[in-house]
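First the structure, in the form of structure tokens, and then the observations on it.
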């Protein structure tokens with residue numbers, strides 16, 4: 006399989022899955038290697054035979070979608086963003102959640118890969134928020150389309166390279182050393198529920214105080230699918246809740262219910278449009 010052959014295949018296949026070829030230019034080598042292995046596993050002669058399989062077996066498109074997922078995940082990735090969440094966003098949202106009749110703070114980590122992002126939120130919560138709001142319970146839904154990555158997330162054991170951005174003083178609090186791996190302590194696991202799902206077709210039930218959807222929908226999905234999925238994500242946020250996207254991503258203009266959180270480019274807050282328009286009348 007040549008690079009040109011794989012590029013041609015991706016330019017044919019990605020739009021059929023609602024994915025965006027420009028988002029894959031820099032990572033295509035990784036995806037092409039996975040597709041080549043898939044062809045070998047299926048004992049197919051090449052991409053022509055794989056296209057024929059996709060035509061004959063619609064369920065193979067789900068396998069291809071998983072091959073096209075790009076997990077770049079480590080604890081506290083984009084450290085300045087997590088510092089901002091701990092310092093500004095989580096305390097503000099926690100104060101609102103604590104005043105409700107049922108004091109539960111709900112978070113959704115969409116495209117959680119092998120779990121570093123939701124575990125980072127759980128660690129931030131235990132270190133900075135729980136001491137101030139001891140009666141407020143944290144509940145995190147962490148979802149991804151790749152069952153293999155989710156199995157690693159459930160196991161919760163990582164190499165030191167995944168932890169290099171964490172504040173050093175948190176390592177002993179959050180992890181147990183098992184030979185050359187660092188495993189998340191049980192008390193941080195209790196707030197997490199891992200779900201294998203495709204965000205193109207699924208949104209968890211209920212409303213969330215915080216949703217993290219970074220470097221997924223707005224990077225790899227084609228614009229019509231971006232808009233559809235982001236509208237559903239916005240609907241899953243409770244009024245006043247916050248959405249976190251990648252630091253280099255841009256929201257679709259039609260998401261008028263989201264306004265930038267001050268002093269950051271990657272966090273947006275859901276506003277009540279009726280109240281907002283009334284305030285400016």
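Residue numbers (my numbering): 6 to 286. For every residue, glycine included, the Cβ atom is placed at its ideal position computed from N, Cα and C. These numbers come from a predicted model, not from an experiment.
- The stretch 68 to 145 contains, as complete alpha helix (DSSP H) runs of 4+ residues, the segments 84 to 89, 95 to 103 and 121 to 129 (chain order).
- Note on residue 196: 16 or more other CB atoms within 10 angstroms of its CB, so buried under the neighbour-count rule.
- Exclusion of the five residues before and after residue 40 leaves 6, 11, 14, 52, 55, 69 and 72 as the residues of its chain whose Cβ lies within less than 8 Å of its Cβ.
- A distance of 8 Å or more separates the beta carbons of residue 225 and residue 67.
- Assigned with DSSP and collapsed to three states, residue 62 falls in coil, not helix or strand.
- The C-beta separation of residue 158 from residue 119 comes to about 5 Å, placing the pair in contact by the 8 Å criterion.
- Annotated three-state conformation of residue 21 is helix, per DSSP.
- Separation of residue 107 and residue 141 (C-alpha to C-alpha, rounded to the nearest whole angstrom) is 9 Å.
- Assigned with DSSP and collapsed to three states, residue 242 falls in strand.
- Taking 8 Å as the cut-off, the beta carbon of residue 145 is found no closer than this to the beta carbon of residue 125.
- The beta carbon of residue 169 sits closer than 6 Å to none of the beta carbons in its chain outside the five residues before and after it.
- Annotated three-state conformation of residue 162 is strand, per DSSP.
- Sequence-distant partners of residue 257 (beyond 5 residues in either direction) whose C-beta falls short of 7 Å from its own C-beta, in its chain, are 231, 232 and 235.
- Residue state for residue 30 is assigned as coil, using DSSP reduced to three classes.
- Counted as a single uninterrupted DSSP element, the stretch harbouring residue 176 is not any beta strand (DSSP E) but the alpha helix (DSSP H) occupying residues 176 to 179.
- Only buried fits residue 274, as 16 or more other CB atoms lie within 10 angstroms of its CB.
- Around the beta carbon of residue 277, a 10 Å sphere encloses fewer than 16 other beta carbons of the protein chains shown; the residue is thus reported as exposed.
- With contact defined as three or more Cβ pairs closer than 8 Å, the stretch 94 to 107 and the stretch 161 to 168 are not in contact.
- Sixteen is the threshold: since fewer than 16 other Cβ atoms of the shown chains lie within 10 Å of the Cβ of residue 240, the residue is exposed.
- In this structure, DSSP gives residue 172 a state outside helix and strand, which the three-state scheme calls coil.
- Put simply, the stretch 180 to 192 does not touch the stretch 212 to 219. Fewer than three CB pairs are less than 8 Å apart.
- Taken in chain order, the unbroken stretches of beta strand (DSSP E) that lie wholly in the stretch 184 to 223 and span 3 residues or more are 186 to 189, 197 to 201 and 213 to 217.
- Of the candidates 102, 116 and 50, the residue whose Cα lies closest to the Cα of residue 75 is 116.
- If you draw a straight line from the Cα of residue 154 to the Cα of residue 31, it is about 22 Å long.
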